[in-house]
């Protein structure tokens, strides 16, 4: 269970939040001509990386505000949360723990118990 | 095994006798005894039969690591698999042994032991793959599978448990020497500290052994008392006793279970356990170590126990399980047992050590010499023998000669392991220590600190410096504790995992997992068959898969495997330790979220009236809605629904629609927002008018529908489906915040603030006139799809002229508190016009006759408004709305999409069934191309026959043709495909 730092309420239990998938996916402007492919990608295609990931969350059982965060999907660690109108942080500012060839973090993936 | 009580003991009250029953026989123990210590006191050596071979088993340990002594507590709802070594006895307790029939002494299942050569690793996998299906039903399932097992399921009972949340800076797990010292450092500091111990008394090793002779020049007992007092007096430290930490999750989230009825019978209706959910800044693990056993022939015989457990029985329970045990060890940890025995005036029958004379600690040597204990160095036990209990052992001494020693008890020590379960649960990594031959915590993943033997510090010489170093990040005072020991301080061990038996035999068994009856031979076989990865091997042999998770044996298995594969133990690795550390009951996990609190029930303000008037309820989401009303107990559902629907068509009916979702939308840009959320255009809509509207997902599929009332361009009220209310509000909020933050708009749920009554039928106008005499209900003053605000007896109400039945209808919105009274009023005014309540089933029937869809029944997330024939609802001139672009994707403009049509049986007497397929051929010959399926199906007494709505491929252009519907009896019914409207197609009644 994660502790998530809601930018409006402060640190709260994960059970109060809902995940909203990838962040910073721009909705194409409906008033302009949009191709099938561009629209289809907006509706159906999302990134699913192992490692650092911009993600949307909503404080469902709290202030009901949406916000963004950077989460390391390989360890589940939430590195930073920020409001929707804030600039997205540069991923190079964070240390990704994914190091091994298979993409497993050295420690914290839960797939190993013994130091390699 | 003949046990004796030792004179004084601070934990056992020898003056307080307690009677209990084991397998129907009455015995006595003392206050403070566990089931195990009480049984040992009564010289009972067999306490259960083993999992697979039904071998007699005794008490092996003195704690949570116990693999054998699992019992059924008859006096507590027949709770199975209770560890006898933990559970305290109380007056009148009833206990039964497990997995035996007809009795523990003479168990029929022990015949399995004879057949044991075939029940080797992978037996189930291989056997149950057998060719004959009949075998499964007649042999495998009833006989073979049932023969294996532990206890029987408990009786039905209503357990109560509480959940308590903690938010602390530091959690110390384990109140032994290191845990107490750590807690002592935090006394009166600025940190919130939680100290958790599994036992009733803090102290750990100080209580359980004679290892320590003095602390700070005081008797350990006295030091313990003073220290506990100091910790208890400190305002920033909270102590949880009888509490076991079972789980160490991400972000320092711990779960611990507290037993509220230690040493007494749980009282029904009282909270019997508490689940603690702990959030902590740092976790300090001081949960100590676990002794491991050794494998040799018949190492499971009753009378064999771990040496530190024997010592714990002496120190903690004032009981020596035997007067003269033989001790077999490969390490220095069993030194203190020799010391304890001699201190108590007892003497080991023999001391056998696999180490050479030079390696054995000098002071142990002196002790053994001085007391004339027979000593075998460089020696190993080849096997233990006896009928249902240990009678003799075979020792191979340093010269290779075999010695037979008669004995009634054998104490084993194969070395000690830090209790790393919680550390690995926290995702920390372990490292193999070649000198101490065990896995020790190495790299923590979370802010986890390990102290004492839990960190692999088996010696006490660095006690102060280790704690001071590891706690230096905190602002605490430095420790300086003076410790003196009775036995040698340096931990020393020689590698020994198993001793091979003297004679090769198919029946000779050296166990590696006592609870699951896994032998060292099974491990060899698994490796031969290619299961040489530790995770595969575990599953193939079931090694360490019991409820004890192989606490005393899993490291031994790794040692054996690494020798067999000629690999380093670190290369072999361990299997992953998963929570919980020890079994915890589902009732504790559920806490109060069970029975009536499992899922909240939502009730409309009129619920009590429904109850009194014969309503049969249907669950819609969390709501209880009247499904239909019975006028008497004999009325069937079909009769009731037909009666109710007919009454709506002929007179008038009233439906409690309070459960419909209601959302109020306000703000400067409310109009623009509504135009973006719904397919319809609200721009040209007049104030005070209403519109049926659709909401789509971005994929263009219908997600919800409802009626939108426009109070002004800045103020709307939307209704949603009963089940969709939360999702629709969530969706509006999401888009308002994430996509259109520039729009000034706010929305709020008003579902529970207003009750809704839907009145419809030809006589509705008369009833409304009577009920609300001040309002003009004429067609001119109050046209279809308009609404008006009124005050009625001081209550503000909103009346909307709309209908879901196809008849003249009004919806009345009333503040919930005033609703029951107005409902009663309308009932009494309506009587003379034949007004009767109707339920959701009649509503479904009536709307289907009109071809009105229900989102979620006639649509399934793959249906667009065009598929439903509702293109007129799409505001085509609007630049954008949710899902607009998707309506022109290549997939959504396909011609062969499934489209909504009506279905009637060609022969009017035929029946239709919901969910059945529509097909083209009368004969069912596979493969059958399926056109689609029936989504709603009813019998209508108005029409006099069955009718249905269906979604079928290219449906709109098939209207007027014939097809077939499959039936549940594998035949077909001829059907006509028609327009999806069966009654009053030109809406005359609606606008009358």
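Chains as they are written, first to last, in this note's numbering: chain A, 270 to 385; chain B, 10 to 1001. Beta carbons: idealized from backbone N, C-alpha and C, even for Gly.
Beta-carbon separation (whole angstroms), residue i vs residue j, contact threshold 8 Å
i, j, result
"residue 769/B", "residue 657/B", "6 Å"
"residue 109/B", "residue 58/B", "4 Å"
"residue 858/B", "residue 924/B", "The pair is not a contact, with the Cβ atoms about 20 Å apart (cut-off 8 Å)."
"residue 987/B", "residue 973/B", "No, residue 987/B and residue 973/B are not in contact; Cβ-Cβ is about 15 Å, not under 8 Å."
"residue 340/B", "residue 424/B", "5 Å"
"residue 203/B", "residue 247/B", "5 Å"
"residue 791/B", "residue 810/B", "6 Å"
Residue environment, residue i, which counts as buried when at least 16 other CB atoms sit within 10 Å
i, result
"residue 635/B", "buried"
"residue 833/B", "exposed"
"residue 979/B", "exposed"
"residue 699/B", "buried"
"residue 408/B", "exposed"
"residue 105/B", "buried"
"residue 651/B", "buried"
"residue 605/B", "exposed"
"residue 499/B", "exposed"
"residue 81/B", "buried"
"residue 866/B", "exposed"
"residue 750/B", "exposed"
"residue 798/B", "exposed"
Residue range of the unbroken beta strand (DSSP E) whose run includes residue i
i, result
"residue 637/B", "632-638"
"residue 335/A", "335-341"
"residue 336/B", "335-338"
"residue 942/B", "939-949"
"residue 838/B", "Looking at the DSSP string, residue 838/B is not in any beta strand (DSSP E); the run it does join, the alpha helix (DSSP H), is 828-839."
"residue 983/B", "981-987"
"residue 90/B", "88-92"
Neighbour flag for residue i against chain A, beta carbons, 7 Å
i, result
"residue 757/B", "no"
"residue 454/B", "yes"
"residue 746/B", "yes"
"residue 387/B", "no"
"residue 451/B", "yes"
"residue 98/B", "no"
"residue 821/B", "no"
"residue 742/B", "yes"
"residue 547/B", "no"
"residue 438/B", "yes"
"residue 428/B", "no"
"residue 433/B", "yes"
"residue 889/B", "yes"
"residue 585/B", "yes"
Bounding residues of the alpha helix (DSSP H) (the contiguous stretch that carries residue i)
i, result
"residue 321/B", "316-326"
"residue 852/B", "849-858"
"residue 619/B", "616-621"
"residue 188/B", "186-194"
"residue 799/B", "Segment 796-801 is the beta strand (DSSP E) holding residue 799/B; no alpha helix (DSSP H) there."
CB contact check: residue i to chain B, cutoff 7 Å
i, result
"residue 294/A", "no"
"residue 321/A", "no"
"residue 348/A", "no"
"residue 279/A", "no"
"residue 272/A", "yes"
"residue 382/A", "yes"
Cβ-heavy atom distance, residue i to the ligand COA, below 6 Å
i, result
"residue 252/B", "The ligand COA is not part of this structure, which contains no ligands at all."
Check each residue of the segment 328-340 of chain A: if its Cβ is closer than 8 Å to any Cβ of chain B, include it; give the result in chain order. 329, 333, 334 and 335
Can you list, in chain order, the residues of the segment 704-718 of chain B whose Cβ is nearer than 7 Å to any Cβ on chain A? 707 and 708
Selection of the segment 572-583 of chain B by Cβ proximity to chain A, strictly under 7 Å: 579, 582 and 583
Closer than 7 Å, Cβ to any Cβ of chain A: which residues of the segment 260-278 of chain B, in chain order? 260 and 262
Can you give me, in chain order, the residues of the segment 892-916 of chain B that have a beta carbon less than 7 Å from any beta carbon in chain A? 893, 894, 895, 898 and 899
Interfacial residues, the segment 291-315 of chain A to chain B, with Cβ spacing under 8 Å: 296, 297, 298, 299, 300, 303, 305, 308, 309, 311, 312 and 313
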